[in-house]
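Comments concern the structure below.
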Amino acid sequence: MPHQEPAAPSTRQSEGTHQPTLFDPPGETGGQVDLPRAGVDPRDVVGPIDWATIASDPAVAWTEQPVATFDLETTGREATTCRIVTASVLLVDPTGQVLHEWEWLADPGVEIPEGAAAIHGITTEHARTHGAPAAAVVAETVELMDALFEHSIPVLAFNAAYDFTVLEAEARRHGLNCPTAQPVIDPYVLHKQVRRRWRGKRTLVALCEAYQVRLESAHTSAADALAAVHLAQLLARENPELSVPAQVLHQSQIGWAQEQAASFQEYLRQKKNDPTVVIHGDWPLRR
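As structure tokens, this is what we get:
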């Protein structure tokens, strides 16, 4: 399948026609609504429904409300120094259908290493030619996150500590304040909690294959984000104890991530016979 690159931020405008919003129903032909994409004010998108009231209801599990799913492709693995290349945020309903989507392609302002480009398919030349300035992409992404968390919409990310640490570092780099990441749902942490003994890798690609979750164009941020939320929803269906209010699950994951890190640290110390090995369990932000 040809690799499709996300576009730089843009807002679709059409004089004299109805501008579709998040809450418009699909067209009568069954096609998807042509929703406004990156560049639209996120507060206008999430504002019409008081999700804060819904999310604060202790009877409402995160699996019963729309969630946002977030993924980044970057220039490298080190979260505090790498730069954002693409960012995707999808708003998904409880059935897994995409309600709204934001995508960004950034010119990170630095060379994209060949190794990173080989993973996500975006070269330095392509990013410089087609990408928006990094400062603009980071600002719009931070603004969207602020709106989502302000309305208590859970944000889901696979290995969330990486993506949110990258975003915070980028925000500081451009003189911005990042909102407190809460509530967050991380299928990586969830899987390690409910499947403590697991043979094989726990990468998104490996878990999607194991659970038969559809993942097209792996290592593109939009595809990874959508697969991550479908994986999380599947885990919750198989493990009802995960179907709790997002704030409750967020607090549980903080403790689970610490326990998982401590367990992995002990394993590595024994395997390597090295008592100095340290695995940090900070979540959803690495400190």
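Going by my numbering, the sequence shown opens with residue 303, and the numbers climb by one from there. No residue lacks a Cβ here, since even glycine has one placed at the ideal position from N, Cα and C. Note that this is a predicted model, so its numbers are computed, not measured.
Bounding residues of the beta strand (DSSP E) (the contiguous stretch that carries tryptophan 406) | 400-409
Spatial distance of proline 586 from threonine 431 (CA atoms) | The straight-line gap from Cα to Cα measures roughly 33 Å.
Terminal residues of the continuous beta strand (DSSP E) containing aspartate 373?
-> Counting along the chain, the beta strand (DSSP E) containing aspartate 373 begins and ends at 369-376.
Of the residues Asn479, His521, Cys510 and Glu561, which one's Cα is nearest the Cα of threonine 446?
-> In the sequence as displayed, the identity of residue 446 is leucine instead of threonine. Nearest of Asn479, His521, Cys510 and Glu561 to leucine 446, Cα basis: Asn479.
Boundaries (first-last residue) of the beta strand (DSSP E) holding isoleucine 386 | 386-394
In terms of residues, what are the limits of the alpha helix (DSSP H) holding histidine 552?
-> 548-574
Assigned secondary structure, leucine 587 (DSSP; H/G/I helix, E/B strand, else coil) = coil
Look up leucine 478 in the DSSP assignment and say whether it is helix, strand or coil.
-> coil
Tell me, please, which residues DSSP counts as bridged to leucine 491.
-> Note on residue identity: the sequence assigns valine, not leucine, to residue 491. In DSSP, valine 491 forms no bridge with anything.
Could you check if threonine 443 is buried or exposed, using at least 16 other CB atoms within 10 Å of its CB as the buried criterion?
-> buried
Is proline 547 closer than 8 Å to alanine 289 when the C-beta atoms are compared?
-> Since the first and last residues shown for the chain are 303 and 589, residue 289 lies out of range.
Please list, in chain order, all residues of the same chain as serine 390 whose beta carbon is under 6 Å from its beta carbon, the five residues on each side excluded.
-> Asp373, Glu405, Ser523, Ala524 and Ala527
Span separating the alpha-carbon of glutamate 330 from that of alanine 530 | Residue placement at glutamate 330 is poorly supported in this model, since its pLDDT is 33, which falls under 50; the coordinates are not used for a value here.
Nearest to valine 394 by alpha carbon, out of Asp448, Pro456, Ala419 and Cys384?
-> Pro456
Can isoleucine 414 and valine 387 be called in contact, C-beta distance under 8 Å?
-> yes
Secondary structure at valine 468, three-state DSSP: helix, strand or coil?
-> helix
Tell me whether alanine 564 is buried or exposed, calling it buried when 16 or more other Cβ atoms sit within 10 Å of its Cβ.
-> exposed
Using the beta-carbon count (16 or more within 10 Å), is lysine 574 buried or exposed?
-> exposed
My guess is that valine 408 and alanine 436 are in contact by the Cβ rule of under 8 Å, so how many angstroms apart are they, rounded?
-> The question names valine, but residue 408 in the sequence shown is alanine. Yes, they are in contact, since the Cβ atoms of alanine 408 and alanine 436 sit about 5 Å apart, within 8 Å.
Could you spell out the range, first to last residue, of the alpha helix (DSSP H) harbouring isoleucine 421?
-> 416-422
Neighbourhood of threonine 377 by C-beta distance below 7 Å, restricted to the same chain and skipping five residues each side = Cys384, Arg385, Val387, Pro410, Val412, Ile414, Pro415 and Ala418
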